[in-house]
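FYI, the numbering for the sequence shown is 1 to 209, going by this note's numbering. Cβ atoms here follow ideal geometry from the backbone N, Cα and C, with glycine treated the same way. Written below as structure tokens is the structure these notes are about.
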Amino acid sequence: MSRYLRTIPFLLLPAILSLTAGLVSCSQYSTKPVSKGYHNLTAHFNAYVIARDQINQAEQIIFKSRQENYNQLMPILLPVDSMGMQPVKPQIDDAIKKASLIPERHQNSKWLDDAYVLIGRARLIKQDLPNAIEVFKYVNTKGTNEDDKHTALVGLMRAYVEGSDYTNALNVAEYLRNQPLNKINTRDFYLTKAYLHERQGEYAVAVGI
């Protein structure tokens, strides 16, 4: 064996030790750039994207399999239906597990608020309204991104509507009405508010929104 080949392990050892030390130092509570970058990357691709796509796909399946009753007024939003979501229940449960990895393992990532919003959406689809409400409230209270907090509040309003708690739904709507919502949240807010008035039988108000 040549002298060059014999020296390779000794040259690699410092690099391996350095890499190992770097990974060990990537604590989910660290504010160091390397740690935050690592957790942002892994949280996004190993958890958030997978959970988001699973929930979006589940919503599409539920929408396509809906049964319309043309003798009744068409709902502005598809009502939450515990029976209708049964075919996608395993998918929704897995999405909750995936999204939950972020608060469990990646506390310092920028996807934390987004993960909780996904968990709230998934629980809303499952008609697990108490837990959906709890998650959306948590994001609004503890969240750091204003757009994510507004998204959570729109979800909270929807959860209240599905639970026929129209008083609290209107209170949330009144608060959101004065907030600087982005385009997506503005769209979802007006759709949810129209749905709220439709559920209350206020059809003229719903149409006018």
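By the CB criterion at 8 Å, LEU77 and THR192 fall inside the cutoff. In the assembly as shown, THR144 is an exposed residue. Its beta-carbon has fewer than 16 other beta-carbons within 10 Å. When DSSP assignments are scanned along the region 28–90, no uninterrupted stretch of beta strand (DSSP E) that is 3 or more residues long falls wholly within it.
In the assembly as shown, TYR116 is a buried residue. Its beta-carbon has 16 or more other beta-carbons within 10 Å. For ASN168, the CB contacts under 7 Å within the same chain, skipping 5 residues up- and downstream, are TYR160 in chain order. The beta carbons of ILE119 and VAL80 sit no closer together than 8 Å. Per DSSP, HIS197 is one residue of the alpha helix (DSSP H) stretching across 183–199. Here the alpha carbons of VAL88 and ILE102 stand approximately 22 Å from one another. Taking the C-beta atoms as reference points, ILE55 is found nearer than 8 Å to ALA95.
Taking each of ASN178, VAL139, ARG123 and TYR138 in turn and checking the Cα distance to ALA132, the smallest one comes out for ARG123. Cα atoms of TYR190 and LEU153: separation of roughly 13 Å, rounded to the nearest angstrom. Under the three-state reduction of DSSP output, GLU202 falls in the coil class, being neither helix nor strand.
Rounded to the nearest angstrom, the Cβ distance from ILE92 to MET83 is 14 Å, too far for a contact under 8 Å.
Nearest C-alpha to ARG158 among ASN178, ASP147 and LYS137: LYS137. If you check the CB distance, GLN200 and TYR166 come in under 8 Å.
LYS149: member of the alpha helix (DSSP H) spanning 146–162, first to last residue.
Ranked by Cα distance from ASP147, the options GLU134, ALA99 and ASP188 are led by ASP188.
Rounded to the nearest whole angstrom, the CA to CA distance from GLY37 to TYR70 is 52 Å.
For ILE125, the enclosing alpha helix (DSSP H) covers residues 112–125.
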